Amino acid sequence: MMMPSCLRGTLLSFRPILAALYPHHGSWLDPKWRPLVRVACLHGTAKHSQYTETSWLSQRKMASHIVGYPRMGPKRELKFALESFWDGKSSAEDLEKVAADLRASIWKQMSEAGIKYIPSNTFSYYDQVLDTTAMLGAVPDRYSWTGGEIGYSTYFSMARGNATVPAMEMTKWFDTNYHFIVPELSPATKFSYASHKAVSEYKEAKALGVDTVPVLVGPVSYLLLSKAAKGVEKLFSLLSLLDSILPIYKEVVAELKAAGASWIQFDEPTLVKDLAAHELAAFSSAYAELESALSGLNVLTETYFADVPAESYKTLTSLSGVTAYGFDLVRGTKTLELIKSAGIPSGKYLFAGVVDGRNIWADDLAASLSTLQCLEAVVGKDKLVVSTSCSLMLSRKKLARLSRSKRSLTSMCSSTESLREMTWLSTLASNCLVLHLLPMDGCNPMDHVA
1 MMMPSCLRGT LLSFRPILAA LYPHHGSWLD PKWRPLVRVA CLHGTAKHSQ
51 YTETSWLSQR KMASHIVGYP RMGPKRELKF ALESFWDGKS SAEDLEKVAA
101 DLRASIWKQM SEAGIKYIPS NTFSYYDQVL DTTAMLGAVP DRYSWTGGEI
151 GYSTYFSMAR GNATVPAMEM TKWFDTNYHF IVPELSPATK FSYASHKAVS
201 EYKEAKALGV DTVPVLVGPV SYLLLSKAAK GVEKLFSLLS LLDSILPIYK
251 EVVAELKAAG ASWIQFDEPT LVKDLAAHEL AAFSSAYAEL ESALSGLNVL
301 TETYFADVPA ESYKTLTSLS GVTAYGFDLV RGTKTLELIK SAGIPSGKYL
351 FAGVVDGRNI WADDLAASLS TLQCLEAVVG KDKLVVSTSC SLMLSRKKLA
401 RLSRSKRSLT SMCSSTESLR EMTWLSTLAS NCLVLHLLPM DGCNPMDHVA
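UniProt numbering puts the sequence shown at residues 1 to 450.
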């Protein structure tokens with residue numbers, strides 16, 4: 001009996017996915033696979049005696065999300081544009097043109113890959129913490145900033161220093177090879193809304209037809225990543241500044257809502273640290289204060305790089321106004337068990353970071369699918385979102401394939417390939433056909449074919 005064209009077409013479209021899952025086997029349309037395909041199709045509505053209409057397969061897809069994306073460009077365009085600007089060989093307009101083109105390209109790639117929750121404001125000329133310092137107007141006095149919108153001169157002086165003053169301290173971004181500029185704060189720091197970058201980039205993406213999720217470094221993590229300015233007494237608590245910065249966060253949120261944003265993402269990576277009780281209390285206090293401003297928005301609080309300790313998990317999942325939680329489930333194996341045992345509050349979204357954002361290797365799709373299936377039982381398919389474990393910026397991936405005769409992928413892939421993996425996972429996790437093609441008892445699916 002001939003395989004119906006609808007099923008054959010579907011399998012052809014899924015061939016690269018299936019080949020990635022099981023690279024050591026031949027054609028997925030080979031007759032020896034038909035008994036297994038027949039079993040997989042039993043969950044559909046029978047249209048043929050042996051096969052089922054499966055045109056629905058490509059239409060169903062679990063929602064997907066990217067924490068962040070590389071910004072330097074495939075040919076390091078931003079690096080060269082920055083160096084040219086710093087050397088005085090190009091203008092601010094030239095730099096902005098390169099940056100705008102890169103952002104447009106990034107958003108287009110994610111949109112075309114079918115990513116539902118596309119981030120904005122993850123692009124930066126230096127780093128996101130420095131961008132937050134600019135947003136809050138937290139400029140140390142030595143840079144002689146006089147107020148208003150922070151320009152390139154002040155911004156890059158904080159990052160790199162200038163002829164008369166040194167740069168701010170730089171330190172590692174958690175346990176990665178990336179660094180960030182450490183905010184210098186004191187009781188005398190005067191905060192003001194001094195950079196509208198988050199709102200501008202949201203509007204920029206929207207003008208291109210891409211609705212994004214604006215990303216902000218969360219207020220508590222920002223303070224916990226800061227340091228006391230030189231000369232400040234040791235008893236000074238950085239968290240005492242929370243009430244001073246929250247009004248600015250409210251302004252940003254209000255502008256984003258007015259611009260049409262329906263989601264907002266707060267990155268709170270310090271929740272993976274072993275925090276003291278008063279530090280955890282600061283999270284509860286901050287989000288309770290922001291709750292009214294966040295009304296009407298879906299709010300994702302994102303964590304990454306490690307397990308979220310049990311007390312932090314309890315705090316996170318009880319934050320006021322938060323409707324979604326993001327976890328690194330690659331390095332956060334204990335977090336996965338915590339989710340399964342403690343659960344997720346009813347009606348909330350779980351952004352499952354199963355695609356490794358730091359690894360140079362291609363994703364283990366079968367392992368990721370297994371994790372997603374476990375989590376589906378916890379939150380339900382409609383509230384489960386497949387995501388990256390952290391920003392893809394942290395992985396310098398390059399694609400390379402072995403010869404066709406070896407019928408295998410190398411383990412290396414690009415950030416573009418990671419987008420493709422996200423698309424595969426979101427589709428696979430939503431369709432019984434390929435789920436039945438996965439190992440059913442730890443064996444290879446070929447073992448089930450007569």
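Beta carbons are placed, not taken as given, at the ideal position from N, Cα and C, and that holds for glycine.
Here the structure is a predicted model, which is why all the values come from computation and not from measurement.
Residue i to residue j span [Cα, whole Å]
i: residue 153; j: residue 86; result: 10 Å
i: residue 403; j: residue 63; result: For residue 403, the predicted structure reports a pLDDT of 33, less than 50, and the residue's modelled location is therefore unreliable. A value from the coordinates is still provided. Taking the straight line from one Cα to the other gives about 33 Å.
i: residue 290; j: residue 218; result: 11 Å
i: residue 369; j: residue 75; result: 33 Å
i: residue 383; j: residue 347; result: 7 Å
i: residue 150; j: residue 93; result: 16 Å
i: residue 186; j: residue 374; result: 46 Å
i: residue 180; j: residue 70; result: 15 Å
i: residue 268; j: residue 366; result: 29 Å
i: residue 109; j: residue 278; result: 42 Å
i: residue 112; j: residue 326; result: 23 Å
i: residue 318; j: residue 263; result: 19 Å
i: residue 165; j: residue 142; result: 7 Å
i: residue 333; j: residue 122; result: 26 Å
i: residue 233; j: residue 312; result: 29 Å
i: residue 161; j: residue 168; result: 7 Å
i: residue 300; j: residue 251; result: 18 Å
i: residue 47; j: residue 211; result: Residue placement at residue 47 is flagged as unreliable, the pLDDT there being 38, under the threshold of 50; the coordinate-derived value follows with that caveat. For residue 47 and residue 211, the distance between alpha carbons rounds to 39 Å.
i: residue 184; j: residue 197; result: 21 Å
i: residue 274; j: residue 157; result: 33 Å
i: residue 322; j: residue 90; result: 43 Å
i: residue 302; j: residue 391; result: 11 Å
Spatial neighbours of residue i in its chain, beta-carbon cut-off 8 Å, leaving aside the 5 residues before and after
i: residue 385; result: 62, 63, 64, 65, 116, 117, 324, 349, 350, 351 and 352
i: residue 100; result: 204
i: residue 257; result: 296 and 297
i: residue 308; result: 271, 272, 316, 327, 332, 335 and 338
Cutoff 6 Å; reference residue i; Cβ partners in own chain excluding five residues on either side
i: residue 342; result: none
i: residue 245; result: 136, 191 and 219
i: residue 354; result: 329, 368 and 371
i: residue 270; result: 221 and 224
i: residue 255; result: 199
i: residue 95; result: 81 and 85
i: residue 145; result: 139 and 154
i: residue 201; result: 120 and 121
i: residue 27; result: Residue confidence is low: residue 27 scores 46 on pLDDT, short of 50, so the model does not pin down where it sits. Its coordinate-derived value is still stated next. Closer than 6 Å at the Cβ level, and outside the excluded window around residue 27, lies no residue.
i: residue 376; result: 384
i: residue 34; result: Note that residue 34 scores 41 on pLDDT, short of 50, meaning its location in the model is unreliable; the coordinates nonetheless yield the value given after this. Nothing listed; no residue qualifies.
Proximity below 8 Å, CB of residue i to CB of residue j
i: residue 182; j: residue 226; result: yes
i: residue 338; j: residue 310; result: yes
i: residue 345; j: residue 265; result: no
i: residue 305; j: residue 175; result: yes
i: residue 261; j: residue 195; result: no
i: residue 358; j: residue 389; result: yes
i: residue 189; j: residue 228; result: no
i: residue 126; j: residue 159; result: yes
Where residue i falls: helix, strand or coil (DSSP)
i: residue 339; result: helix
i: residue 145; result: coil
i: residue 170; result: strand
i: residue 230; result: coil
i: residue 278; result: helix
i: residue 287; result: helix
i: residue 181; result: strand
i: residue 214; result: strand
i: residue 269; result: helix
i: residue 66; result: coil
i: residue 382; result: helix
i: residue 24; result: No answer about residue 24 holds up, because its pLDDT of 47 lies below 50 and its placement is not dependable.
i: residue 198; result: helix
i: residue 113; result: coil
i: residue 330; result: coil
i: residue 388; result: strand
i: residue 451; result: Residue numbering for the chain in the displayed model covers 1 to 450; residue 451 lies beyond these limits and cannot be assessed.
i: residue 106; result: helix
Beta-carbon separation (whole angstroms), residue i vs residue j, contact threshold 8 Å
i: residue 73; j: residue 102; result: 5 Å
i: residue 316; j: residue 282; result: Their Cβ separation, rounded to whole angstroms, is 13 Å, which puts residue 316 and residue 282 out of contact at 8 Å.
i: residue 242; j: residue 285; result: 7 Å
i: residue 119; j: residue 67; result: 7 Å
i: residue 106; j: residue 193; result: With a Cβ gap of about 26 Å, residue 106 and residue 193 do not count as contacting.
i: residue 104; j: residue 208; result: 6 Å
i: residue 98; j: residue 77; result: 6 Å
i: residue 253; j: residue 280; result: Actually they do not touch by this definition, with Cβ atoms about 22 Å apart.
Sequence-distant residues of its chain with Cβ nearer than 7 Å to residue i (five each side left out)
i: residue 172; result: 179
i: residue 504; result: Any answer about residue 504 is impossible in this case: the structure gives the chain only from 1 up to 450.
i: residue 340; result: 374 and 378
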